[in-house]
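The structure appears below as structure tokens.
In our numbering, the protein residues as written are -3 to 110.
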């Protein structure tokens, strides 16, 4: 059962960084992110925000599975639109991150429970 915890300043730095990047692109550069990029940033904000509130989520296999899957899907859609090498590398990074979560899930389920 997940346990809630009180976040400290360091835990809130990652969600605030995502908000800062969005504000920088939208207001300073005058180039607001597209709908796809905005949805990706919102999903990352929720995922990273949840890690600062739920005890043990960062170390659990769910974090890399969800984060890697989210990253892979975003860059796969972006690659289908732009066909650039950066998007292809993003797909690879998302798949690797998700694979690490799958590896964690398999190895943790293979360990004997005491």
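For glycine and all other residues, C-beta sits at the position ideal for the given N, C-alpha and C.
Could you tell me which residues DSSP puts in a beta bridge with residue i?
{"i": "residue 51", "result": "-1"}
To the nearest angstrom, how far is the alpha carbon of residue i from that of residue j?
{"i": "residue 99", "j": "residue 57", "result": "8 Å"}
{"i": "residue 45", "j": "residue 7", "result": "8 Å"}
{"i": "residue 53", "j": "residue 27", "result": "34 Å"}
{"i": "residue 106", "j": "residue 10", "result": "32 Å"}
{"i": "residue 72", "j": "residue 87", "result": "6 Å"}
{"i": "residue 82", "j": "residue 21", "result": "19 Å"}
{"i": "residue 92", "j": "residue 30", "result": "26 Å"}
{"i": "residue 18", "j": "residue 80", "result": "22 Å"}
{"i": "residue 102", "j": "residue 25", "result": "44 Å"}
{"i": "residue 16", "j": "residue 108", "result": "44 Å"}
{"i": "residue 94", "j": "residue 66", "result": "9 Å"}
{"i": "residue 40", "j": "residue 34", "result": "10 Å"}
{"i": "residue 78", "j": "residue 23", "result": "24 Å"}
Thinking residue i and residue j are a contact (beta carbons under 8 Å), I'd like their distance in whole angstroms, please.
{"i": "residue 68", "j": "residue 90", "result": "3 Å"}
{"i": "residue 63", "j": "residue 38", "result": "Contact flag wrong, Cβ pair sits at about 14 Å."}
{"i": "residue -1", "j": "residue 51", "result": "4 Å"}
Excluding the 5 residues flanking residue i on each side, which residues of the same chain have their C-beta closer than 8 Å to its C-beta?
{"i": "residue 76", "result": "none"}
{"i": "residue 48", "result": "3, 7, 8, 10 and 11"}
With 16 other CB atoms within 10 Å as the buried threshold, where does residue i fall?
{"i": "residue 60", "result": "buried"}
{"i": "residue 13", "result": "exposed"}
{"i": "residue 32", "result": "exposed"}
{"i": "residue 74", "result": "buried"}
Could you pull out every residue in the same chain whose Cβ sits closer than 6 Å to the Cβ of residue i, ignoring the five residues on either side in sequence?
{"i": "residue 70", "result": "36"}
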